[in-house]
Structures are given as structure tokens and as C-alpha cells.
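Have a look at the structure below, then the notes.
In the working numbering, the protein residues as written are 360 to 487.
This is the structure we're talking about:
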């Protein structure tokens with residue numbers, strides 16, 4: 360168990376619950392928007408078809424991002440329920456309350472998140 364007080368844990372749980380509620384609403388709204396704005400049959404040339412494809416791809420990307428965020432929030436809520444919330448998954452040290460308050464679904468301390476970002480999120484460079 361981390362060094363979070365009961366009040367801090369309660370505050371973070373409330374933030375996560377609110378974030379989960381908002382993400383579910385955003386996903387629902389995007390799905391309804393995508394369904395209501397079906398562009399099939401409304402395009403008349405290749406240029407309009409390209410724009411229609413781009414809009415569909417953007418909606419799918421937005422929904423995908425929301426779903427990934429929701430998964431992170433759900434994982435944090437599960438960690439709270441089993442008592443492992445607030446520990447860095449790489450080193451096991453406590454994640455400071457300030458970091459969790461800014462990003463309640465944080466899975467790593469700042470040091471290990473930076474290492475993770477450098478290793479896995481870096482730009483792919485073309486190779487020729």
C-alpha cells in the first residue's frame with residue numbers, strides 16, 4: 360500500500376470515477392455522431408470520398424483514444440480496490456500524490472515514465 364492518506368485516496372477515486380463517467384459519455388457521443396453522419400452514398404467524386412474517409416478515420420481515432428483512456432482509468436480503479444494503487448509498476452516506489460492528482464491513472468513515477476516514453480513513444484525515423 361502506498362503512503363496516500365485516506366482523504367487523498369478518496370479524492371483520487373472521485374476524480375477517476377468522474378473521468379470514467381466523462382469518457383463513457385464522450386465515447387457514446389462520438390459513436391452517435393459517427394452513426395448520424397454516415398457519409399456513404401453522399402459522396403460524388405474522388406475528392407469528396409477522400410474527405411469522407413478522413414472524417415471517418417478521425418472519428419475512429421478519437422474513439423480509440425477515449426477507449427484507451429477509459430482502460431487506464433478502469434485499471435487505476437481496480438488497483439484502488441485491491442490496494443496496489445499509487446505504486447510505480449516499474450520500481451515499486453510510491454507515486455507522489457501531486458503526480459496522481461495531476462494524472463490519477465498514472466502507472467509509473469516520473470522517472471520511469473520518462474524512461475518509458477523515451478523507449479516506447481519515440482518518433483520512428485525512416486531508414487534507407
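Glycine residues also receive a C-beta, built at the ideal position from the N, C-alpha and C atoms.
With three or more CB-CB distances shorter than 8 Å, the region 431–439 counts as touching the region 369–387. In the DSSP assignment, no residue is bridged to residue 392. In the DSSP assignment, residue 446 is bridged to 453.
Leaving aside the five residues that flank residue 469 on each side, the residues in its chain whose CB is nearer than 7 Å to its CB run, in chain order, 458. Annotation: the continuous alpha helix (DSSP H) that includes residue 478 extends over 469–479. DSSP, read as helix, strand or coil, puts residue 466 in coil. With contacts defined as CB atoms closer than 8 Å, residue 453 and residue 464 fail to qualify as a contacting pair. Annotation for residue 444: 438 place their beta carbon closer than 6 Å to its own, counting only its chain and skipping 5 residues before and after.
Comparing alpha-carbon positions, the option among 449, 364, 418, 475 lying closest to residue 392 turns out to be 418.
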